[in-house]
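S.K.:
In my numbering, the protein residues as written are 1320 to 1631.
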């Protein structure tokens, strides 16, 4: 019975054309990103899903054209993940912005059809026009994009029942980071393994090793129990680097007699637009990196305290 239903759907021309259109559009869009022909901006994340939805929406049978797109879209995304062309995290983060704009494009086409501006038949010229509009929008946005990037700051605090000097000594170099992974790290947010400080002085390098890469920092301010400030001079992480890391800063403040408030600050630039969508997600990702480091720091300090107590 299911085979008969699928056969009937496959006979529908709107279903077959929607699969072809979806594959062509998605391949072109991915190629523009993969080869760096387009910036990660409005044309890709807003205009592209709208014109794709409009192209699918002009097909005469919505009951088969929309399912044809959904099937192709799911297969396409799984293929990108399977062949290592995109990570799970990237796909998950893109879906909430791509899906609504696709359906907006489909709705626009539906409204135009209701006013008899588009005939209820497969018209290749009409379905290709949205793709042409996208191909024109990309170079326009590329030419208008500003190479100057705004520096964004993400700050996270924690209060620890240890002195500033104890906390400083525990965080300046970390041999092995072991902690419960936050949600985004369980997808494929980079997981730090260790950070090694070569010398305790300004100008020294501090190298943080991740799964599939590393971040190299140069110390610009070193005051035990007060501040550890570093410029990020190089980073090599798997995947395309949409974020440009600038500074990594640790601030230490005495709280009471034997407690410390440590503030972790990361400054970065981003290539992703629209900012109203991407910046909150970037902040969440960086804060989860901070929380992972904090959890490991608490573990290290607790182990150190237990060792000292056992010595006595």
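Built from N, CA and C at the ideal position, the CB exists for glycine as well.
Under a Cβ-count criterion, where at least 16 other Cβ atoms within 10 Å of its own Cβ denotes burial, should residue 1383 be classed as buried or exposed?
M.R.: As a first step, residue 1383 must be located in the chain shown, where it is residue number 64. With 16 or more Cβ atoms within 10 Å of its Cβ, residue 1383 is classed as buried.
S.K.: Which whole runs of the beta strand (DSSP E) in the stretch 1441-1498 are 3 residues long or more, in chain order?
M.R.: For the stretch 1441-1498, whole beta strand (DSSP E) runs of length 3 or above, ordered along the chain, are 1471-1479.
S.K.: So, helix, strand or coil for residue 1548, using DSSP?
M.R.: Taking the chain shown and counting its residues from 1, the one referred to as residue 1548 is at position 229. Of the three classes helix, strand and coil, the one that applies to residue 1548 here is strand, per DSSP.
S.K.: Evaluate the contact criterion for the stretch 1367-1382 versus the stretch 1442-1461: three or more CB pairs, one atom per stretch, below 8 Å.
M.R.: Verdict: yes, contact present.
S.K.: For residue 1323, which residues of its own chain have a beta-carbon under 6 Å away from its beta-carbon, when the five flanking residues on both sides are left out?
M.R.: If you number the chain shown from 1, residue 1323 lands on position 4. At residue 1323 the pLDDT is 42, less than 50, meaning the model places this residue with poor confidence; the figure from the coordinates comes in the next sentence. Counting only Cβ-Cβ distances below 6 Å, and skipping sequence neighbours, we find nothing.
S.K.: Can you tell me whether residue 1552 is buried or exposed, with buried defined as 16 or more other CB within 10 angstroms of its CB?
M.R.: Looking up residue 1552 in the chain shown gives position 233. Its Cβ having fewer than 16 others within 10 Å, residue 1552 is exposed.
S.K.: Return the CA-CA distance between residue 1331 and residue 1403, expressed in angstroms with no decimal places.
M.R.: Position 12 of the chain shown holds residue 1331. Position 84 of the chain shown holds residue 1403. So the alpha carbons of these two residues sit roughly 34 Å apart.
S.K.: Taking the DSSP output, what are the residues bridged to residue 1528?
M.R.: Locating residue 1528 in the chain shown gives position 209, where the first residue counts as 1. Looking at the DSSP assignment, residue 1528 forms a beta bridge with 1513, 1533.
S.K.: In this structure, what does DSSP give as the bridge partners for residue 1583?
M.R.: Within the chain shown, residue 1583 is the residue found at index 264, counting from 1. According to DSSP, which records beta bridges pairwise, residue 1583 is partnered with 1475, 1569.
S.K.: Applying the 10 Å Cβ sphere with the 16-neighbour rule, what's the burial state of residue 1620?
M.R.: The residue labelled residue 1620 in the question sits at position 301 within the chain shown. Burial call: buried.
S.K.: Any idea if residue 1353 is buried or exposed, counting beta-carbon neighbours within 10 angstroms, 16 or more meaning buried?
M.R.: As a working mapping, residue 1353 is identified with position 34 in the chain shown. So residue 1353 counts as exposed.
S.K.: Tell me whether residue 1322 sits in a helix, a strand or coil according to DSSP, three-state version.
M.R.: In the chain shown, the residue the question calls residue 1322 occupies position 3. Reliability of the predicted coordinates at residue 1322 is poor, the pLDDT of 46 falling under 50, and the value obtained from them is presented with this limitation in mind. The answer is helix: DSSP assigns residue 1322 an H, G or I state.
S.K.: Report all residues from its chain with a CB closer than 8 Å to the CB of residue 1650; omit the five preceding and five following residues, and keep chain order.
M.R.: Because the chain is modelled from 1320 through 1631, residue 1650 falls outside the range shown and cannot be assessed.
S.K.: Alpha carbon to alpha carbon, what distance is there between residue 1578 and residue 1481?
M.R.: Locating residue 1481 in the chain shown gives position 162, counting from the first residue. Locating residue 1578 in the chain shown gives position 259, counting from the first residue. Those two C-alpha atoms are separated by around 5 Å.
S.K.: Answer yes if the stretch 1356-1370 comes into contact with the stretch 1389-1401, meaning at least three C-beta pairs across the two stretches below 8 Å, and no otherwise.
M.R.: Cβ pair count under 8 Å is below three, so no.
S.K.: Where residue 1334 and residue 1343 are concerned, what is the direct C-alpha to C-alpha distance, given to the nearest angstrom?
M.R.: If you number the chain shown from 1, residue 1334 lands on position 15. If you number the chain shown from 1, residue 1343 lands on position 24. Approximately 14 Å between the Cα atoms of the pair.
S.K.: Residue 1479 to residue 1540, Cα distance in whole Å?
M.R.: As a first step, residue 1479 is located in the chain shown; it is residue number 160 there, counting from the start. As a first step, residue 1540 is located in the chain shown; it is residue number 221 there, counting from the start. Spanning the two alpha carbons is a distance of roughly 22 Å.
S.K.: For residue 1329, count neighbouring C-beta atoms within 10 Å of its own C-beta (all shown protein chains included) and say buried if the count is 16 or more, exposed if not.
M.R.: The count along the chain shown starts at 1 and reaches residue 1329 at position 10. Residue 1329 should be labelled exposed.
S.K.: Pick helix, strand or coil for residue 1340, following the three-state DSSP scheme.
M.R.: Stepping through the chain shown from its first residue, residue 1340 is reached at position 21. Three-state result, residue 1340: helix.
S.K.: Using 8 Å for Cβ pairs, my map puts residue 1625 next to residue 1493. What's the rounded Cβ distance?
M.R.: One-based indexing of the chain shown puts residue 1625 at position 306. One-based indexing of the chain shown puts residue 1493 at position 174. The pair is not a contact, with the Cβ atoms about 18 Å apart (cut-off 8 Å).
S.K.: Which residues does DSSP pair with residue 1541 in a beta bridge?
M.R.: For the purposes of this step, residue 1541 is taken as the residue at position 222 of the chain shown. 1547.
S.K.: Indicate the three-state DSSP secondary structure (helix, strand or coil) for residue 1553 in the structure shown.
M.R.: In the chain shown, residue 1553 corresponds to position 234, counting from 1. Looking at residue 1553 - three-state DSSP - the assignment turns out to be strand.
S.K.: Rounding to the nearest angstrom, what Cα-Cα distance links residue 1612 and residue 1423 in this structure?
M.R.: As a working note, residue 1612 is residue 293 in the chain shown. As a working note, residue 1423 is residue 104 in the chain shown. Answer to the nearest angstrom: the Cα atoms are 41 Å apart.
S.K.: With 8 Å as the threshold, decide whether the Cβ of residue 1427 is near any Cβ in chain B.
M.R.: Reference to chain B is not applicable here, since this structure consists of a single protein chain.
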